[in-house]
Structure formats: structure tokens, C-alpha cells
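Quick note: the sequence shown uses numbering that gives the first Met the number 0, first residue 0, plus one each step.
Glycine included, each C-beta is placed from N, C-alpha and C at the ideal position.
Given the structure is predicted, the values throughout are model-derived calculations rather than measurements.
This report concerns only the one structure given below.
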Amino acid sequence: MPKRPGIITRYRNALHNESFAGIVLLIGALLALIWSNSPIRESYFTMAETEVGWEAIHLSLPIAHWASDGLLALFFFVVGLELKQEFTIGSLHDPRKAAVPIIAAVCGMAGPIGVYCLFQIISGSGIYGGWAIPVATDIAFALAVLSIFGRGLPPAARTFLMTLAVADDLGGIIVIAVFFSSGISFLWLAISLAIVAIFGALVQKRITRWWLLWPLAILAWYAMHRAGVHATIAGVALGMVVPTRQIAGERQPMTKRLADKLDFYSSGFVLPIFSFFAAGVNIVDSGGIGGMMTDPVAAGIYLGLPVGKCIGIFGGVWIMTRLLKLKLGNGIDLADIFPISFVAGIGFTVSLLIAQLSFGADDPHEAHARVAVIVGSLLAMVLGAITLQIRKNQRLRGPVRRRRGKSIDASDHAPEALERKGRNRELARDGEHKPSTHMKNGDRKTPGSDKAR
């Protein structure tokens with residue numbers, strides 16, 4: 000009888016499913032919300048605020064900060080690996096193919112910023128410090144929703160969302176590095192970058208001993224922390240110096256191998272722990288959910304994520320395809336972008352991080368912003384699921400529009416239909432070169448029969 004896999008092995012296998020990874024992340028956030036608003040909520044905040052570390056080297060931090068500044072660096076290292084892969088050999092390698100989703104990502108960042116600022120102008124609050132919170136897209140959640148509800152869409156839809164989310168991640172990283180770094184020590188920054196360069200030189204030479212690379216990575220993180228730049232940027236920098244070029248004997252690029260190896264720890268432990276500490280907000284003692292939702296800061300975030308993203312991405316793609324005549328991927332059209340633009344509004348991980356950085360821990364808007372990120376992400380998730388289902392049904396129903404008097408079957412864009420059409424064309428070509436077996440003997444041609452006729 001074969002040995003049954005252990006719980007860790009089963010958990011690792013389950014995380015290969017994008018929807019399961021998203022559910023684990025959501026469970027961490029829900030547990031935090033329940034505990035932080037229960038009768039024993041003080042125990043949650045006591046634990047989160049307990050300082051751990053060594054004060055002599057400026058590393059005595061609350062546990063919640065260790066989750067966002069320390070553990071999350073591993074997640075950003077994986078993001079850096081994925082960015083390097085996409086920019087060198089992936090979907091962002093060809094500028095012509097990547098142009099539309101990259102510009103859509105920029106528009107998708109501008110839309111939520113516009114919605115957030117509009118709410119502050121209308122309300123007269125003047126609190127513009129949270130402008131960056133709704134700009135992010137959570138790749139894990141977005142792909143999970145698309146994989147569950149977007150099964151009728153062509154493969155190009157997933158590629159578009161993936162490319163957009165990767166470009167969005169890069170934008171979020173730039174926002175964190177530029178706007179949320181204060182009192183920068185250029186000496187410590189130079190030390191961190193020098194260590195990153197040494198790390199890069201070693202991996203380029205295929206020196207990958209963990210006892211050498213991990214201490215270097217930790218030192219680079221520590222120097223970045225001392226520099227006053229958010230320490231997770233060190234993770235991105237380390238990931239970006241890993242080579243994608245394969246040498247003899249390598250079946251996969253090093254970026255791919257490392258990302259696959261570390262994804263289990265990132266998705267299975269780091270992100271759930273981060274969401275557990277980031278989502279813990281005392282709603283009961285902060286005026287209740289009604290008071291939070293009427294706060295202009297919160298409203299700008301929870302509407303900026305789904306509505307702002309939709310306006311930015313869909314509007315940007317409409318302008319690019321209709322006015323600038325740029326092309327989308329094979330099989331995907333503008334109607335598919337509408338649900339994808341809602342799905343891209345699932346901010347969560349990076350949005351929660353930016354919410355913590357945008358307002359001080361004692362600022363009431365900080366708690367409101369974190370709750371708004373969760374509410375806005377859930378709204379984007381629901382709207383994305385509904386519109387994906389509607390779009391899938393449209394494709395299955397058949398003709399959805401007319402062009403020059405000709406009916407266009409929406410289902411013709413489905414991958415199965417495209418494959419079927421390809422087979423039919425091949426059969427038609429084969430038929431042109433083969434004599435028909437249904438001809439009568441009198442109709443059968445012989446050499447020179449046309450001349451005789």
C-alpha cells in the first residue's frame with residue numbers, strides 16, 4: 000500500500016491551484032478581522048505590537064512590522080524573479096505585444112488615483128495621503144478569480160491579465176521606493192546595492208550555495224532597512240539580478256527554478272501571515288463599519304479599486320484599440336477586457352502594505368484604509384466574477400454583433416472553436432490535393448482530357 004502524502008506535501012500540492020492560494024490568503028485576513036473585533040481583541044493587538052529583535056542594531060520591531068518589513072521581502076524576491084523573467088524571455092520581452100497591457104496597467108493606476116482624489120475634493124477632506132493605496136493589483140487573487148469564473152475566455156485573456164498585473168506590480172514597487180522612503184542614508188543604500196551586486200555576480204557564475212547566498216540576501220535587506228528605503232525593495236533588487244540565460248545542462252532558467260522553489264513558502268506562509276497582521280483592524284472601537292465606510296478616505300479606496308481600475312483599464316484599452324488602432328492578443332477583444340478590468344481591482348497584498356505606509360499607526364485613517372482595501376478587493380472580486388460569467392455566457396450563446404452586415408459568432412473566438420477551424424482548414428487543403436472518391440466513372444478526368452475537350 001503506497002504511503003499517504005504528509006500534510007505539508009498535500010498543502011504544497013494544493014497551493015499549485017491558484018484559487019486555493021487565494022482562499023488561504025483570504026482566510027488569514029478574515030481570521031484577523033474576527034479576532035481583532037472579538038471580546039478578546041486586546042490579545043490580538045498585544046501580540047501584534049510585541050517587539051522582537053535586537054535594539055543595538057536597530058532591529059527591534061513589532062511582530063506585525065516583521066511580517067510586513069521582513070517576511071514580505073521573500074514575496075518581493077519572488078516578484079523580482081518573475082519581473083526579470085517576463086522582461087527578458089516572457090510576455091514583456093516583445094514591446095509590440097506588451098505595449099497594450101503595459102499602457103493599460105498605467106491607466107489602471109491613474110484611474111483609482113483619480114477616483115480617490117475626486118472623493119477628497121468633493122468631501123473637502125483634503126486628505127490626499129492615501130492616493131497610492133488603490134493602485135495595486137494582487138496577482139494571486141486576480142488569477143484565482145479568472146481561473147474559476149473565466150474558463151470560457153481564450154488563453155490570451157490570462158496572458159493579458161498576467162502581463163498587466165506584472166507591470167502593475169512594478170509600478171507599485173516604484174511608488175513604494177520613491178514616495179515612501181524618508182531620510183534616506185545614501186551610505187547604507189550604496190552598501191545594500193553593493194551586496195546585491197555581489198549576490199548577482201555569484202548567481203551569474205552559478206554559485207548557489209544557500210549558506211553563502213542567504214546571508215548576503217539578509218545583509219542586503221538589513222542595509223536597505225538602515226538606508227530608510229522600505230526593506231522589501233531589497234527583495235525585488237535581488238530577484239532582478241538572477242540570470243534568465245540558460246547554460247549547458249540547465250533545463251529551466253534560474254529565475255524559473257528559484258521562483259518555483261520559493262513560491263510554496265511565499266504563497267503558503269509569508270502572504271497568509273502578512274494578511275493576518277495587516278487586516279487586523281479594530282472596527283468596534285473605531286466608530287463601527289458605518290463610520291468607516293462614510294470616511295472619504297475609505298470611500299476613495301473601496302470605490303477606487305473596482306471602479307477606478309475599470310475606468311482606467313477599459314477606457315485605456317478602448318482608446319488604444321479604437322483610436323490608436325493597437326491590437327489585442329489573438330482571440331481576445333474589447334468585451335473581454337471589461338470583466339478583466341474589474342478583476343484587476345483586487346488590490347489586497349500591496350494595497351494593504353501601502354495603507355500601512357501612507358498613514359501613521361495612530362492615525363484613524365490608517366485603520367479605515369485597511370478595511371477599505373479589504374472591502375474594495377471583495378467588491379472587485381464579486382463584480383469580476385459576475386461580469387466574467389456574463390461574458391462567458393455571451394460567448395456560448397453565439398452571434399453577439401454584426402460587422403458590415405455579417406453576423407459574428409462570439410463563440411468563434413473560444414479556444415476550442417479556433418482549434419476546430421484550424422482542423423477544418425487543414426482538411427480543406429488536403430481535399431484540394433486528393434481525388435474525390437464520390438465522382439462517377441464518367442466524370443473522372445484523365446490526362447489530356449481538357450485538351451481533348
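- Counting only runs of 4+ residues, the alpha helix (DSSP H) found wholly inside the stretch 25-90 occupies 40-47, 71-87, in chain order.
- Contact check for ALA156 against ILE389 fails: the beta carbons are separated by 7 Å or more.
- Here the alpha carbons of LEU117 and VAL296 stand approximately 11 Å from one another.
- It is roughly 7 Å from the alpha-carbon of LEU356 to the alpha-carbon of PHE179.
- Pairing CYS106 with GLY315 gives a Cβ-Cβ distance under 7 Å.
- Taking the Cα of GLU50 as reference, the smallest distance to any Cα among PRO38, TRP65, GLU41 is reached at TRP65.
- When DSSP states are grouped into helix, strand and coil, GLY21 belongs to the helix group.
- In its chain, beyond the 5 residues on either side, GLY234, LEU261, TYR264, SER265, VAL269 have a beta carbon closer than 8 Å to the beta carbon of LEU73.
- Along the length of the stretch 256-296, whole alpha helix (DSSP H) runs at least 4 residues long occupy 270-277, 287-292, reported in chain order.
- If you look at ASN12, you'll find it in the alpha helix (DSSP H) that goes 6-14.
- The C-alpha of THR158 lies about 44 Å from the C-alpha of SER42.
- Closest in C-alpha terms to ALA189, from the list LEU218, PRO214, ILE102, LEU212, comes LEU218.
- Segment contact: the stretch 376-385 against the stretch 339-348, three or more CB-CB distances shorter than 8 Å; contact assigned.
- Between GLY129 and ALA277, the C-beta gap is not smaller than 7 Å, which leaves the two residues out of contact.
- For THR162, the enclosing alpha helix (DSSP H) begins and ends at 154-178.
- Beta-carbon to beta-carbon, ILE194 and ALA222 are separated by about 6 Å, close enough to satisfy the 8 Å threshold.
- Note that the C-beta distance between ILE353 and ILE132 is below 7 Å.
- The shortest CA-to-CA distance from ASN36 to any of GLY123, ILE310, VAL240, GLY286 is the one to GLY286.
- Considering only LYS391, VAL77, PRO38, SER59, the residue with the shortest C-alpha distance to GLU48 is SER59.
- Runs of the beta strand (DSSP E) lying entirely within the stretch 351-407 and spanning at least 3 residues, in chain order: 398-402.
- Each of ILE336, LEU304, ARG9 was checked against the Cα of TRP317, and the nearest Cα belongs to ILE336.
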